[in-house]
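Worksheet for the structure shown next.
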Amino acid sequence: MSIYRYPFKVLGSICLPMDTPHLDWALATNQHCLRVQLLDAYQGNTSYLPYLDDLIRFLREHQCGHIRDKLDDVSEPRKLRSTVSELEVAKALIQRGKSVSLLPDQYLGVTGLPDMVATDSYGEVLIEVKLLTDDGTSEMLVEGLRRFIRDQKQPYVVNVTLNERMSIPAINNPKEKRYERQTKTECLKQGLQEFKERVVRIDLASLPVRIDTGIGVFEVYQSKSGRGYPGIVETSPIEVPDDKVVEKIRQDLVEKARKRERWAGDWRRKPFIVALDSRDWDCDEDHLNSALIGETITVITRYTSETEDIKVAIRKCWESYMREKYILPHEYTYLNPERKGILFTKRVMKNVSAVLGITRGCMWFVANPFAFDEINDCALSRYL
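Note that my numbering has the sequence shown beginning at 1405, numbered continuously upward.
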């Protein structure tokens, strides 16, 4: 996982961050005092705010639309991470020749729209971004911290770095009677209780302080905004087992595919791409292909198996692409019929025209030959 730290200028006893004119511009209309909250949450981080400033500078220079409106929707630092993921995806698309306009939560008075629209010679494409994050237990941690901090007399900010055990996502599998989420939740509660018991015994005049617990490190800082709140929750650098990566990708993509079902009119007629941002994970093209298409088998005899969906896709000019992806047999390799991906097994994925995977400067693209007719176009196989 990338850790960013931002430098300080020291003026007497006052620490001020280095100039961030583009970030200041982007937050000028934010009604939640987000800039002050960011200074609180990232006061121990020496380059993150300049990183944000440079990201916004790039988007401004390339006329990305609605940057301020998008950041107006962010009420606190912990919610910024997913928005930054959207900004990074916008940057990646711009670098590949697309014009991008971000869509705020209440765009044209409509809620639940995708995160952005990308436009090029192909036309308009709707993009929904999914940050491949943990299993939701960090949200529980933040809520627990918020309730506790709210009852304290002295305002302070708490940042948390979860340890490796708590950073690996828990994925329940009722068929195999694996309920990892319940076990992880219990560990989280114990770690939060350990923090509470120890922090109340600390002289907070000595802030900042670091508290090591069974679930990770809690860093407590004096709040400069006059109120206390949870800051940022980060995971440790981890190597997630392949099967968990694939299963998490599947769960997240199915969740995002359902979003299109709430749209109407022109929104439903535009191609829809889900961009999966996995910069914090060891995720690669093989994981994405396994999740969406499935696993392949190589045999010494030719094998053919054309379902009705595949026959329809062939008529829509997807044959070459399906051979490239081994959906159709190619060079004695074909899909394992017992290990097919969610493009075959989850009907809701027909809502998605393609999936874009982004991680650590690399991009992968899987188009969907089986999408609903109105958003099905084999030209999308060459979108990037």
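Glycine included, C-beta positions come from ideal geometry on N, C-alpha and C.
Burial state of residue i (16 or more Cβ within 10 Å)
i            : result
residue 1774 : buried
residue 1580 : Only weak support exists for where residue 1580 lies, its pLDDT of 48 falling under 50; the value from the coordinates is given anyway. Counting Cβ neighbours within 10 Å, residue 1580 comes out exposed, since fewer than 16 surround it.
residue 1766 : exposed
residue 1606 : exposed
residue 1715 : exposed
residue 1691 : buried
residue 1541 : buried
residue 1664 : buried
residue 1759 : buried
residue 1687 : buried
residue 1735 : exposed
residue 1717 : buried
residue 1380 : In this structure the chain extends from 1405 to 1788, so residue 1380 is not present and cannot be described.
residue 1786 : exposed
residue 1464 : exposed
residue 1695 : buried
residue 1468 : buried
residue 1483 : exposed
Element boundaries [alpha helix (DSSP H), containing residue i]
i            : result
residue 1548 : 1541-1554
residue 1428 : 1425-1431
residue 1505 : Note, residue 1505: premise wrong, no alpha helix (DSSP H); beta strand (DSSP E) at 1503-1506.
residue 1753 : Taken as a continuous stretch (DSSP letters only), residue 1753 belongs to no alpha helix (DSSP H), as it is neither H nor E.
Boundaries of the beta strand (DSSP E) in which residue i is found, first to last residue
i            : result
residue 1566 : 1560-1566
residue 1769 : 1766-1771
residue 1763 : 1758-1763
residue 1749 : Run containing residue 1749: none in the beta strand (DSSP E); it sits in the alpha helix (DSSP H), 1746-1749.
residue 1534 : 1527-1535
residue 1789 : This structure cannot speak to residue 1789, because the chain is shown only from 1405 to 1788.
Whole-number beta carbon distance between residue j and residue i, since they are thought to touch under 8 Å
i            : j            : result
residue 1788 : residue 1769 : 5 Å
residue 1528 : residue 1648 : Going by Cβ atoms, the distance from residue 1528 to residue 1648 rounds to 35 Å, so no, they are not a contact pair.
residue 1613 : residue 1564 : In fact, because the Cβ distance is near 13 Å, the residues do not count as touching under 8 Å.
residue 1436 : residue 1480 : 7 Å
residue 1797 : residue 1504 : Past the edges of the chain, shown from 1405 to 1788, lies residue 1797, and the structure says nothing about it.
residue 1526 : residue 1783 : 7 Å
residue 1433 : residue 1485 : Contact flag wrong, Cβ pair sits at about 21 Å.
residue 1571 : residue 1640 : 5 Å
residue 1575 : residue 1651 : 5 Å
residue 1620 : residue 1598 : That belief does not hold up - the Cβ atoms of residue 1620 and residue 1598 are roughly 11 Å apart, past 8 Å.
I'd like to know if the region 1483-1495 and the region 1527-1545 are in contact, where contact means that at least 3 CB-CB pairs between them fall below 8 Å. yes
On the three-pair Cβ rule with 8 Å, is the region 1507-1514 touching the region 1557-1576? no
Tell me whether the region 1438-1452 and the region 1626-1643 touch, counting them as touching only if at least three CB pairs, one residue from each stretch, are closer than 8 Å. yes
Mind pulling the alpha helix (DSSP H) runs of 4 or more residues that sit fully within the region 1589-1675? 1646-1661 and 1670-1673
Quick one: which unbroken alpha helix (DSSP H) runs of 4-plus residues sit fully inside the region 1438-1492? Chain order, please. 1438-1445, 1452-1465 and 1471-1476
Which residue spans inside the region 1687-1742 form an unbroken alpha helix (DSSP H) run of at least 4? 1689-1696, 1712-1719 and 1723-1728
Would you call the region 1652-1667 and the region 1723-1741 in contact, with 3 or more CB pairs under 8 Å? no
The region 1540-1555 touching the region 1585-1596, judged by at least three CB pairs closer than 8 Å: yes
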